[in-house]
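Numbering (this note's numbering), first residue to last: -6 to 214.
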Amino acid sequence: MQKVLVIGASRGIGLEFVRQYREAGAQVWATARGEHCAAVQALGATCWELDVADATSASSLSWRLDGLNLDAAIYCAGLYGPDTAGLEPPTQADFDTVMHVNVLGAMRLLPAMAEGLKPGGTLAVLSSVMASIGGRSSTSGWLYRASKAALNSVLKDAALALQGRALCVALHPGWVRTDMGGPAASLSVQDSVAAQRRVLAGLTAQDHGGFLGPQGEAIPW
Ligand code: NDP
-6 MQKVLVIGAS RGIGLEFVRQ YREAGAQVWA TARGEHCAAV QALGATCWEL DVADATSASS
54 LSWRLDGLNL DAAIYCAGLY GPDTAGLEPP TQADFDTVMH VNVLGAMRLL PAMAEGLKPG
114 GTLAVLSSVM ASIGGRSSTS GWLYRASKAA LNSVLKDAAL ALQGRALCVA LHPGWVRTDM
174 GGPAASLSVQ DSVAAQRRVL AGLTAQDHGG FLGPQGEAIP W
């Protein structure tokens, strides 16, 4: 039976990963902050309360995952922050909050997530095409773009550190109709997650350290 961990599963893409992996018969562990475990537990997954921006809370993951031998671990937690246009600087508070969840949270949790994997398991982070520096043509969401570019750097270093032990990828889920993506987004959350699950299931050694879109296409860093 497949074993999967989803970090940040209270709603949106994370919750849909839990739903689809459960539907496929996988054993699923997930995390959500505050009182948000109910939705995850209703799908038959184990849920632990965990705020990725809280160091004490995040430190609990390591012992919880001991001996699980996961096939895949996915970091979904993310914040968009203020939708600044052009070169409007974010406030210090917005900068700290978005960078904490999108970057520091991943830096704290990826080592424990990797430790929880079976040899050759998959470690994925939810990035965004908005992180792409090479493919950039807009300045909307300045802070979000910077945070996801930093997350990509974090993933790349994790890939180097875990070479031969785990397959590491940054995933762009498409533009998805969730609270973050909004109602005008082009993909349903069901289709996005189904596509990402296909990408994860088809990963090979060549994909290690890659930045992949919902069809498995390489996205410029
Ligand atoms: P949502 O806004 O719908 O959900 C965000 C998730 O992140 C929620 O489960 C939220 O939990 C969780 N989260 C936020 N802060 C914390 C925290 N401090 N601790 C734990 N969990 C936290 O976003 P999506 O589902 O759309 O996005 C999921 C991922 O995909 C994100 O990383 C996002 O950047 C990325 N992405 C999404 C796109 C889209 O079009 N939707 C496009 C590209 C990338 P809570 O309910 O407690 O707030």
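Note that beta-carbon positions come from the ideal geometry of N, C-alpha and C, so glycine has one too. The structure presented is a predicted model; accordingly, all values stated were derived computationally and were not measured.
Buried or exposed: which applies to Asn95, given that a residue is buried once 16 or more other Cβ atoms fall within 10 Å of its Cβ? Along the sequence shown, one-based indexing puts residue 95 at 102. So Asn95 counts as buried.
Q.
For a quick check, are the C-beta atoms of Ala117 and Lys141 less than 7 Å apart?
A. Residue numbering aside, residue 117 sits at position 124 when the sequence shown is read from its first letter. Residue numbering aside, residue 141 sits at position 148 when the sequence shown is read from its first letter. Cβ atoms of Ala117 and Lys141: not closer than 7 Å.
Alpha carbon to alpha carbon, how far is Lys111 from Gln20? Give it in angstroms, no decimals. Taking the sequence shown and counting its residues from 1, the one referred to as residue 20 is at position 27. Taking the sequence shown and counting its residues from 1, the one referred to as residue 111 is at position 118. One C-alpha to the other measures close to 14 Å.
TODO: Out of Ser121, Val192, Leu164 and Phe204, state which residue places its alpha-carbon closest to the alpha-carbon of Leu72.
DONE: Numbered from 1 along the sequence shown, position 79 holds the residue referred to as residue 72. The residue with the shortest Cα to Cα distance from Leu72 is Ser121.
ask   = Which term fits Pro176, buried or exposed, when burial requires 16 or more other beta carbons within 10 angstroms of its beta carbon?
value = Here the question's residue 176 lines up with position 183 in the sequence shown. The residue in question, Pro176, is exposed, as its Cβ has fewer than 16 Cβ neighbours within 10 Å.
For Gly74, count the other beta carbons within 10 Å of its own beta carbon; 16 or more makes it buried, fewer makes it exposed. Which is it?
Sequence index remark: in the sequence shown, residue 74 carries index 81 (1-based). Per the 10 Å Cβ criterion, buried.
Next on the checklist: Quick check: does the Cβ of Leu205 come within less than 6 Å of any heavy atom belonging to ligand 1?
Outcome noted: Numbered from its first residue, the sequence shown carries residue 205 at position 212. False, no ligand heavy atom lies under 6 Å from that Cβ.
Which residues mark the beginning and the end of the beta strand (DSSP E) in which Thr24 is found?
Counting from 1 along the sequence shown, the entry for residue 24 is found at position 31. That run of the beta strand (DSSP E) goes Gln20 to Ala25.
In whole angstroms, what separates the C-alpha of Leu102 from that of Ala48?
For the purposes of this step, residue 102 is identified with residue 109 of the sequence shown, where counting begins at 1. For the purposes of this step, residue 48 is identified with residue 55 of the sequence shown, where counting begins at 1. Taking the straight line from one Cα to the other gives about 10 Å.
Q.
Buried or exposed for Thr132, going by 16 or more other Cβ atoms inside 10 Å?
A. Locating residue 132 in the sequence shown gives position 139, counting from the first residue. Exposed.
Touching by the beta-carbon criterion (3+ pairs, under 8 Å), the segment 188 to 198 and the segment 157 to 167: yes
Just curious, the alpha helix (DSSP H) that Asp87 is in, first and last residue? Against the sequence shown, residue 87 aligns to sequence position 94. Annotation: the continuous alpha helix (DSSP H) that includes Asp87 extends over Gln85 to Met92.
Range covered by the alpha helix (DSSP H) that runs through Leu61 | As a first step, residue 61 must be located in the sequence shown, where it is residue number 68. Segment: none, Leu61 is in no alpha helix (DSSP H) and carries neither H nor E.
Once the 5 residues before and after Val169 are set aside, which same chain residues still bring their CB inside 7 Å of it?
As a first step, residue 169 must be located in the sequence shown, where it is residue number 176. Ile6, Ala178, Leu180, Val182 and Ser185.
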